[in-house]
Amino acid sequence: MKDSKSEKLNRQPWKPLTASYCCSSDDRAIFGNFSRCRPSKSEFSKNIGGAPPLPSFRKLTFSDVSLGSSSARINEDLAQTFGGDLYDFQMSELRGATQNFSSNFLLGEGGFGRVHKGYVDESLRAGLKAQPVAVKLLDIEGLQGHREWLAEVIFLGQLRHPNLVKLIGYCCEDEERVLVYEFMPRGSLENHLFKRGLSISLPWATRLKIAIGAAKGLAFLHGAEKPVIYRDFKTSNILLDSDFNAKLSDFGLAKMGPEGSNTHVTTRVMGTYGYAAPEYVSTGHLTTKSDIYSFGVVLLELLTGRRAMEKARPKNEQNLVDWTKPYLTSSRRLRCIMDPRLAGQYSVKGAKGMGLLALQCVNLNPKDRPKMPAIIETLESLQQLKDMAITYGQWPASTKTGRNAGYPAKERRQSGFGCKSAAVAASPRSK
Ligand SMILES: Nc1ncnc2c1ncn2[C@@H]1O[C@H](COP(=O)(O)OP(=O)(O)OP(=O)(O)O)[C@@H](O)[C@H]1O
Ligand SMILES: [Mg+2]
1 MKDSKSEKLN RQPWKPLTAS YCCSSDDRAI FGNFSRCRPS KSEFSKNIGG APPLPSFRKL
61 TFSDVSLGSS SARINEDLAQ TFGGDLYDFQ MSELRGATQN FSSNFLLGEG GFGRVHKGYV
121 DESLRAGLKA QPVAVKLLDI EGLQGHREWL AEVIFLGQLR HPNLVKLIGY CCEDEERVLV
181 YEFMPRGSLE NHLFKRGLSI SLPWATRLKI AIGAAKGLAF LHGAEKPVIY RDFKTSNILL
241 DSDFNAKLSD FGLAKMGPEG SNTHVTTRVM GTYGYAAPEY VSTGHLTTKS DIYSFGVVLL
301 ELLTGRRAME KARPKNEQNL VDWTKPYLTS SRRLRCIMDP RLAGQYSVKG AKGMGLLALQ
361 CVNLNPKDRP KMPAIIETLE SLQQLKDMAI TYGQWPASTK TGRNAGYPAK ERRQSGFGCK
421 SAAVAASPRS K
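Quick look at the structure:
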């Protein structure tokens with residue numbers, strides 16, 4: 001079982017969307033700019049004399065979903081909304097595209113279900129570009145449900161940006177819910193940072209490039225006319241193209257930000273342990289600053305090569321934020337927790353800059369966390385730094401005994417920031 005799967009915060013089982021449920025404050029925040037959930041006056045007038053005025057998602061119930069007619073209704077509504085921007089596939093077409101969801105084509109599995117590689121081309125739909133795709137199948141018995149599928153279609157159907165993964169189409173057939181994305185050849189950042197068996201570690205410059213790409217995706221969401229809170233920023237949701245350009249995926253938990261004079265959106269607490277901002281976990285108050293906290297956690301993962309939460313570590317090292325905080329303010333301390341797979345091939349100043357930025361992002365006071373444009377500016381300024389630790393005399397971080405390398409004897413005794421932990425960091429990875 002995947003980390004992210006087992007450590008999800010309060011992932012909800014499949015829930016029917018009833019009229020009152022869909023238009024609860026929680027759902028208004030999700031579907032806020034999707035006209036079907038909150039129709040405008042003009043829409044009411046468009047519907048005069050025809051079908052009921054609020055035909056689609058408001059009426060969706062569990063029993064509706066079991067009926068083909070209801071899926072047809074959803075398809076009709078989505079087709080009306082997204083027109084030619086998204087393809088509405090049939091299951092038979094997707095079976096053909098993935099060799100019947102063959103396990104040979106399995107790309108991965110998350111809380112939503114399994115993801116298979118497939119191929120689509122013009123033989124499926126006129127004008128459809130021949131391309132590999134990733135096909136995500138909703139696991140109806142799983143922890144996420146129709147509601148998240150719909151949120152994903154609605155958000156990704158409308159939001160287009162080079163740093164967001166492109167949704168090509170969807171399938172809603174009887175109880176099947178499927179999402180079809182552009183295929184990202186290098187998979188997720190999680191796989192590159194943490195999976196054993198990948199012999200080549202991500203170089204420092206690539207880590208920086210990925211952080212900047214992901215930051216641009218998040219900046220786009222936060223900077224939208226109606227800001228979007230992503231709510232699930234983590235390494236498994238950062239996908240990589242062949243040139244290591246980062247794209248955010250998984251908008252099932254995304255929310256429209258607060259409107260008017262409201263400072264936050266109140267929601268059920270959902271997300272992934274280790275990444276969720278403490279104030280969000282304790283109050284349910286969600287702001288764009290909750291995403292900034294998660295961004296800081298990912299920066300720490302890029303620096304250390306450790307996961308946000310590692311239960312197999314000693315207690316004081318399980319939570320990455322708590323463990324790293326005392327090391328982030330000086331490059332001499334920082335080297336003790338740098339990812340040993342970098343083997344000193346990182347900029348000392350760059351790592352320090354990233355460490356300080358991460359520290360600001362995970363500030364307990366959300367107001368003191370930086371905004372995305374400032375984060376991008378800082379990260380971009382680190383790209384030109386070439387003072388590699390290995391040539392700068394800052395690596396190896398530890399002596400043969402793995403302790404306190406390079407520290408004056410006095411500091412070693414007093415500071416408690418020797419490199420004892422570096423030896424721990426270099427120990428086999430655990431989940
Ligand atoms: N568009 C894609 N292109 C290539 N691989 C993908 C794509 N989308 C997903 N994957 C692969 O499938 C895996 C599972 O993705 P999925 O989003 O279902 O779960 P997750 O992100 O690991 O966990 P969670 O459900 O918590 O988000 C990813 O880690 C990635 O390796
Ligand atoms: Mg994911």
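Position one of the sequence shown corresponds to residue 1 (full-length UniProt numbering), numbered consecutively onward.
From the three backbone atoms N, C-alpha and C, an ideal C-beta is built for every residue, glycine too.
Does the distance between the C-beta of F251 and the nearest non-hydrogen atom of ligand 1 fall short of 7 Å? In the sequence shown, the residue the question calls residue 251 occupies position 251. No, since every heavy atom of ligand 1 falls outside the 7 Å radius drawn around the Cβ of F251.
On a CA-only basis, which of Y181, R160 and L138 is nearest E175? Give me that one, please. Position 175 of the sequence shown holds residue 175. Answer by Cα proximity: L138.
Y181 CB to nearest heavy atom of ligand 1 below 7 Å: As a working note, residue 181 is residue 181 in the sequence shown. Yes, since a heavy atom of ligand 1 falls inside the 7 Å radius drawn around the Cβ of Y181.
Alpha carbon to alpha carbon, how far is Y170 from Y87? Give it in angstroms, no decimals. Looking up residue 87 in the sequence shown gives position 87. Looking up residue 170 in the sequence shown gives position 170. Y87 and Y170: Cα-Cα distance of roughly 6 Å.
Residue environment, N237, which counts as buried when at least 16 other CB atoms sit within 10 Å: As a working mapping, residue 237 is identified with position 237 in the sequence shown. That one is buried.
Does the separation of the CB atoms of P366 and K289 fall below 8 Å? For the purposes of this step, residue 366 is taken as residue 366 along the sequence shown, with counting starting at 1. For the purposes of this step, residue 289 is taken as residue 289 along the sequence shown, with counting starting at 1. Yes, Cβ-Cβ distance for P366 and K289 is below 8 Å.
Between R186 and the rest of its own chain, which residues show a CB-CB distance below 6 Å, the 5 nearest in sequence each way excluded? In the sequence shown, counting from the first residue as 1, residue 186 sits at position 186. Within the same chain, R186 has close Cβ partners L240.
Specify the secondary structure class of Q90 as computed by DSSP and reduced to three states. Counting from one through the sequence shown, the residue named residue 90 turns up at place 90. Coil, per DSSP.
So, helix, strand or coil for residue 458, using DSSP? Residue 458 cannot be examined here, being either before or after the span of the chain that is shown, 1 to 431.
In this structure, does DSSP put I375 in helix, strand or coil? Here residue 375 refers to the residue found at position 375 of the sequence shown. Helix at I375.
Top-ranked residue by Cα proximity to M270, from P258, D291, N262 and T304: Taking the sequence shown and counting its residues from 1, one reaches residue 270 at position 270. Closest by alpha carbon: D291.
Is the distance from the Cβ of M354 to the Cβ of A215 below 8 Å? Sequence index remark: in the sequence shown, residue 354 carries index 354 (1-based). Sequence index remark: in the sequence shown, residue 215 carries index 215 (1-based). Not a contact, by the Cβ cut-off of 8 Å.
Near S381, what residues of its chain come up, given a Cβ to Cβ distance below 8 Å and the 5 sequence neighbours on each side ignored? On the sequence shown, position 381 is the one that residue 381 refers to. Excluding residues within five positions, the ones whose Cβ falls inside 8 Å are G353.
Is it buried or exposed for L106, if we count other Cβ within 10 angstroms and need 16 for buried? Counting from 1 along the sequence shown, the entry for residue 106 is found at position 106. Exposed, because fewer than 16 other Cβ atoms sit within 10 Å of the Cβ of L106.
Which residue's Cα is closest to the Cα of F295: T235, S330, S102 and W323? By one-based count along the sequence shown, residue 295 stands at place 295. It is T235.
Looking at C-beta atoms only, is the number of pairs between the segment 245 to 253 and the segment 337 to 346 that lie closer than 8 Å three or more? no
Would you call the segment 152 to 161 and the segment 201 to 208 touching, i.e. three or more CB-CB distances under 8 Å? no
Flag T272 as yes when its Cβ comes closer than 7 Å to any non-hydrogen atom of ligand 3, and as no otherwise. Summarising the ligand content, the structure contains ligand 1 and ligand 2 and does not contain ligand 3.
For A246: DSSP bridge partner residues: For this step, residue 246 is matched to residue 246 along the sequence shown. Its beta-bridge partners are L240.
DSSP-derived helix/strand/coil call for K315: For the purposes of this step, residue 315 is taken as residue 315 along the sequence shown, with counting starting at 1. Residue state, collapsed to three classes: helix.
Other residues of its chain near L385: CB distance less than 7 Å, five sequence neighbours each side excluded: Counting from 1 along the sequence shown, the entry for residue 385 is found at position 385. So the qualifying residues of the chain are S347, K349 and G350.
Leaving aside the five residues before and after Q90 along the sequence, list all residues of the same chain whose C-beta is less than 7 Å from its C-beta, in chain order. Counting from 1 along the sequence shown, the entry for residue 90 is found at position 90. Closer than 7 Å at Cβ, skipping near neighbours: C171 and E173.
Thinking just about the alpha-carbon of each residue, which of N100, G113 and G110 is nearest to the one in Y119? The residue given as residue 119 occupies position 119 in the sequence shown. Selected option, being the one with the closest Cα: N100.
Can you check which of these residues, M184, Y230 and R306, is closest to V265 by C-alpha distance? Indexing the sequence shown from 1 puts residue 265 at position 265. Cα-wise, what sits closest to V265 is Y230.
Buried or exposed, going by whether 16 or more other CB atoms sit within 10 Å of the CB of A130? Reading the sequence shown from its first residue, position 130 is the one you call residue 130. Result: exposed.
According to DSSP, simplified to helix, strand and coil, what is Y230? Translated into positions along the sequence shown, residue 230 becomes position 230. Y230 falls in the coil class under three-state DSSP.
Helix, strand or coil at C336 according to DSSP, with G and I counted as helix: Position 336 of the sequence shown holds residue 336. Three-state result, C336: coil.
Taking Y293 as the reference, which of P370, Y181 and K117 has the closest Cα? In the sequence shown, the residue the question calls residue 293 occupies position 293. Comparing Cα positions, the closest option is P370.
With E173 as the anchor, note down where its beta strand (DSSP E) starts and where it stops. In the sequence shown, counting from the first residue as 1, residue 173 sits at position 173. L167 to E173 is the extent of the beta strand (DSSP E) around E173.
Kindly indicate the opening and closing residues of the alpha helix (DSSP H) around G113. For this step, residue 113 is matched to residue 113 along the sequence shown. Careful: G113 lies outside any alpha helix (DSSP H) and carries neither H nor E.
Distance CB(A308)-CB(E301) smaller than 8 Å: As a working mapping, residue 308 is identified with position 308 in the sequence shown. As a working mapping, residue 301 is identified with position 301 in the sequence shown. Yes. Within cutoff.
What's the gap between the Cα of C419 and the Cα of E377? What you label residue 419 is simply residue 419 of the sequence shown in a count that begins at 1. What you label residue 377 is simply residue 377 of the sequence shown in a count that begins at 1. Cα-Cα distance, rounded: 31 Å.
Under 6 Å Cβ to Cβ from G344, same chain only, skipping five residues before and after it: list those, please. The residue labelled residue 344 in the question sits at position 344 within the sequence shown. Answer for G344: A389, I390 and W395, listed in chain order.
Taking all protein chains shown into account, do 16 or more other C-beta atoms lie within 10 angstroms of the C-beta of A79, making it buried, or fewer, making it exposed? What you label residue 79 is simply residue 79 of the sequence shown in a count that begins at 1. Exposed: under 16 other Cβ atoms inside 10 Å.
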